[in-house]
Amino acid sequence: MRERHLGFDSPAGPALPLDFAGRRWLLDHSGALYLPEQSALVVADLHLEKASRFAMGGQFLPPYDSEATLQRLVAVIARYQPARVITLGDSFHDSAGAQRLSAPALALLETMAEGRDWLWISGNHDPVAPSGLPGAAANAFRLGPVWLRHEPRAGGDAPQVCGHFHPVARLAARGVQLRRRCFAVHDSMMILPAFGALTGGLNVRDPALQPWLGRDFSVFVAGAGQLYPARASACLAGS
Amino acid sequence: MTAPAADLAPPLLPPRFSAWFAARGWSPRAHQLDLLRAVLAGQSALLIAPTGAGKTLAGFLPSLVELTATNPQDGLHTLYISPLKALAVDVARNLEMPVSEMALGLRIETRSGDTSAAKKARQRHQPPQMLLTTPEQLALLLASADAALLFAPLKTVILDELHALTGSKRGDLLSLGLARLRKLAPGVRMLGLSATVRDPQELARYLESPPAMLIKAAPGAPPVLDILATRERLPWAGHGAQHALAEVYERIQNARLTLVFVNTRAQAEATFQALWRINDANLPIALHHGSLDASQRRKVEAAMAEGRLKAVVCTSTLDLGIDWGDVDLVINIGAPKGASRLLQRTGRANHRLNEASQALLVPSNRFEMLECLAAVAAASAGEHDTAPERRGALDVLAQHIVGTACAGPFDAAALYAEVRQAAPYRELARSDFDDCLGFAADGGYALRAYERFARIRQRPDGLWRLTHPRFARSHRMNSGTIVEADMLKVRLARGGVTTSGSYTGRIARTGRVLGEIEEYFLETLLPGDTFLFGGEVLALVGIVENEALVRRAAGRDPKVPSYNGGKFPLSTHLAARVRRLLAHDEDWGHLPPQVGAWLALQRQASALPQADDLLIETFPRGGKHYLVCYPFEGRLAHQTLGMLLTRRMERANVQPLGFVANDYALAIWSLEDAGAGVDLAALFAPDMLGDDLDAWLDESALMKRSFRNCAIIAGMIERRFPGKTRNGRQVTVSTDLVYDVLHRHQPSHVLLRAARADAATGLLDIARLGDMLKRVEGAIHHKALAQVSPLAVPIMLEIGREPVYGAARDMILAEATATLLAEAKVAN
């Protein structure tokens, strides 16, 4: 296996610097990715209005998820003050989700987007760009040397940063198991954790990730206030 | 007993029945006739009778007599409800004999999840006179549009093994169903059949208010209960009783058919394995527990019935009702945890009323020896334990409300009045009812509502109606109160599997399914790890979708010893007996010498816990300070106490590092000495159940686990069905995430209240802890020792097996990371 140097400084603090595709990025423990060189912040899989989509089917999940997710995004944006924000697809749980946003949630979005370039990348849940919201829409976006798109694409040499899989890592020690969101990175592929408050996860050991990351790769696991680096091979399988 | 019964028989029993009894050389028993008289007079009744007293026939006799007298009419006359569908099938089979021999010409049918859809439909439109089923099926029948028609002619409901049906969410749902039945069939009589319980009035109140009439059968011959006085050294800790298995094997050899009861599946596996290791005579010894494949269990049951087995190692799956064979000895490995469970299990041996059943208790450690003595004394004194009367769960009520709407429109005030007829909901506040109705309708959220997606809605006529038939379909798929842990199938992998245990990507999934096992257990294993299952040592090959692929492993010792802790906590009154036994050294004559010597040593080195005090020992060891206390209130209550005490000790700067709890004691270790400078009376003050509890509870994993159950029962989240595979992506919602969001935004939501109530009564045993703290207020007996005391040895041996909690979790991440990084040789 070709081992790529994953340079990072001290793992203390909310952000972990990582060299990827010839640039230095900051992995934020919230699950956001920041590229200082371009002042660009990337978040994946917000799945806004997931609860109300379930409610339409008779499963009344608490309708507080969109605001919870957006409040977290407000906090990250306050930390980095990015000039550009890119949401990496599945920003809404379904294409009609934007119409169901509550007024306070909409206000939060508008405040955040003010004075910034805001880009909605489409995902499998929201193939149609949201209407009536600030920002532009695209299917993919080239940020410096990398392609940002929701689902990874085979072929092509350019490094990719994607979402879609909601990677989580399972670690066990001393009889306790931890299941946490994580970044999954290998070679020229980076998969971001889901940012949404109600988005579940897929174990990084799941075969669905293998075509993109191989059998072993680096994971950066979200703890309470920081990220912890580990190897996927050392994580537990399961759901 | 038979003489007065014979006098009463003629006017009560129709000639056909008397002749039938006479032809078999039987005469009806007094309690059978008492019950018949009560029911024919239109009364509800509770029959308390020991095993073998003809309880089931007593329950059916009134219906058989009534149906014969009135010429079998169309429509459902009698509904029989049993906690197990296998029991319902068994009872139906047993009824066939009298019904055909007396040529009563009745249709008696069973209904369960296995009944074909065609038969179920026919049962609704052309119901049999007697339908035998389970509480879950009753709830489903009540949630159908023809419920009113089906149940209108109903005259009698028979509730078998009632003591096993109440005291749980299952009992809550059943009580709501009974209230509904009373509405649909006014005058319907409720007949409860139960084994002996501590407080029969409570069961009578469950059946009806005012309480149903109580009928007690004469007790059978008292059981012969022995405790194994082992030749071997009785261990300090552990639950396997491995030391005594040679002696257990000898007893098996000398009996006709032995049931070997253990408390957990893991113990069943280990005991079965160990017995076969010494099975030189090749005795047919089988294994029976809940996670074995159903077909495997059926085979064992059939072999028992045919007399082909010598012994069966089993868990509580064989506790109830069904007679699979001619059992003449019951062996209970470990402590029985409650006198009622002991008697129930003992009743499995010998179903003839006037012969004593034989049971042997095999304590697996010294504390269990004390507990076994207390259990035998309690059983001989006729003491029983019953679950405390409970308040009906709100998540169950929410489910019932949706079910009621599925059957037809309802008036909220009328339904509230009806629900209050159900015993567990007798004190239900209207506001709680309204919150459940609100949740059932549209989620009941304070800040933002889902009115437009409502499942049920109030119409201008004031009645609440289902808004769309699809909600009835999803209700049917999701009803019931039994929420299984997520299970994975255990399948033998076939073909070229590497022994390295690494994931090969392509494993032939064509091998046999061995059974099911909890997902959370398997997820602690790495490929290559070995564990016991189905009586053999298996190695995990990998987890693929919803299946755990395994291969048979060479070697005898599994790497991962168990997948479940002790299952039942020590019952309250047994705990009191154990404390009394310790305090009265004149009773120690019954103890084996090694146990007596141990207690004498404890008295010399420290002190013995007294009936009404709390002994606390503190001592240094290996650079740490230990605090050990002996409340004898069961593992759950002790764990809760441990959580709360460590929070308080943290505030008092004692710097606690961890704790371990078993059924008898709690040990906490810390950097500073809690015995010096800390007011122990204040530390153990009952006010810890206030703010400390709330603060801890809200961040506890236990709360998330109870919330998951409540969310599924209330229908917030649909169940995951086997066969619905996850195609590489999670499709379900994580209840943990839902909990976090809901707790932050609406902590008073009805489902969070339901989850808190569950955690308090079930997993945390808070009521019991509160009683204990009040009992020992002002009676704390502190012993500052120089070293560990004899009584503390067992609990000290359990240290290191328990997980850590709270803030230490992130340390684990850091630690695991460091280890993993080193293993993976990743440069830092």
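Protein chains in written order, with the numbering used here: chain A, 1 to 239; chain B, 1001 to 1828.
Just so you know, even glycine gets a beta-carbon here, dropped at the ideal spot from N, CA and C.
Keep in mind the model is a prediction, meaning the values are calculated, not measured.
- For the options B:A1548, B:L1415, B:L1360 and B:L1769, the alpha carbon positioned closest to that of T1640 of chain B is the one of B:L1769.
- For D1736 of chain B, there is no enclosing beta strand (DSSP E); the residue is part of the alpha helix (DSSP H) that begins and ends at T1735 to H1745.
- The alpha helix (DSSP H) runs lying completely inside the segment 1609-1653 of chain B and spanning 4 residues or more are 1635-1651, given in chain order.
- In terms of CA proximity to L1492 of chain B, B:F1533 leads the group B:R1470, B:F1533, B:T1467 and B:L1615.
- Bounds of the alpha helix (DSSP H) holding A1441 of chain B are R1430 to D1442.
- Residue environment: L1343 of chain B is assigned as buried (16 or more neighbouring CB atoms within 10 Å of its CB, all protein chains considered).
- Counting only runs of 4 or more residues that sit fully inside the segment 1760-1785 of chain B, the alpha helix (DSSP H) segments are 1766-1776, in chain order.
- Within the model, the alpha-carbon separation for D1612 of chain B versus A1665 of chain B is close to 15 Å.
- Annotation: V1248 of chain B to I1333 of chain B spans about 9 Å, alpha carbon to alpha carbon.
- Residue burial is scored here from C-beta neighbours: A1554 of chain B has fewer than 16 other C-beta atoms within 10 angstroms and is therefore classed as exposed.
- Per DSSP, C235 of chain A lies in no beta strand (DSSP E) and is assigned neither H nor E.
- In the structure shown, the three-state DSSP call for T69 of chain A is helix.
- The residue among B:E1101, B:L1154, B:P1219 and B:A1637 with its C-alpha nearest the C-alpha of V1188 of chain B is B:L1154.
- For N203 of chain A, the number of other beta carbons within 10 angstroms of its own is at least 16, and it is reported as buried.
- Here Q226 of chain A is buried, its C-beta having at least 16 other C-beta atoms within 10 Å.
- Nearest Cα to P1210 of chain B within the set B:A1305, B:R1345, B:L1785 and B:A1045: B:A1045.
- Around the C-beta of E1355 of chain B, fewer than 16 other C-beta atoms lie within 10 Å, and the residue is accordingly described as exposed.
- M1716 and I1717: these are the residues of the segment 1703-1717 of chain B whose beta carbon lies less than 7 Å from some beta carbon of chain A, given in chain order.
- Under the three-state reduction of DSSP, I86 of chain A is assigned to strand.
- In the structure shown, the three-state DSSP call for E1208 of chain B is coil.
- Restricting attention to B:V1419, B:L1149, B:A1405 and B:L1582, the CA atom closest to the CA of A1393 of chain B is found in B:V1419.
- Fully contained in the segment 1006-1091 of chain B are the following alpha helix (DSSP H) runs of length 4 or more, in chain order: 1015-1023, 1030-1040 and 1055-1069.
- For V1595 of chain B, the enclosing alpha helix (DSSP H) stretches over residues P1593 to A1605.
- The beta carbon of A1270 of chain B sits closer than 7 Å to the beta carbons of G1240 and L1532 from its chain, once the five residues preceding and following it are set aside; these are given in chain order.
- With 16 or more neighbouring CB atoms inside 10 Å of its own CB, L1437 of chain B falls in the buried class.
- Leaving aside the five residues that flank V1750 of chain B on each side, the residues in its chain whose CB is nearer than 7 Å to its CB run, in chain order, L1394, D1435, C1436, F1439 and G1444.
- Nearest to Y1206 of chain B by alpha-carbon distance, out of B:F1471, B:D1771 and B:G1167, is B:G1167.
- Scanning B:T1133, B:V1327, B:R1459 and B:A1359 for the CA closest to the CA of A1305 of chain B turns up B:V1327.
- The straight-line gap separating the alpha-carbon atoms of F1151 of chain B and R1459 of chain B is approximately 26 Å.
- About 20 Å separates the beta carbons of T1196 of chain B and I1081 of chain B, which is beyond the 8 Å limit, so they are not a contact pair.
- Taking a beta-carbon distance threshold of 8 Å, V1550 of chain B does not count as an interface residue toward chain A.
- For M56 of chain A, the neighbours in chain B by C-beta distance under 8 Å run, in chain order, F1453.
- Per DSSP, reduced to three states, the secondary structure at Y80 of chain A is helical.
- Under the three-state reduction of DSSP, N1709 of chain B is assigned to helix.
- Along the segment 1734-1758 of chain B, the positions whose C-beta sits under 8 Å from a C-beta of chain A are S1734, L1737, V1738, D1740, V1741, L1742, R1744, H1745, Q1746 and H1749, read in chain order.
- For S102 of chain A, the chain B residues whose Cβ falls inside 8 Å of its Cβ are R1448, in order along the chain.
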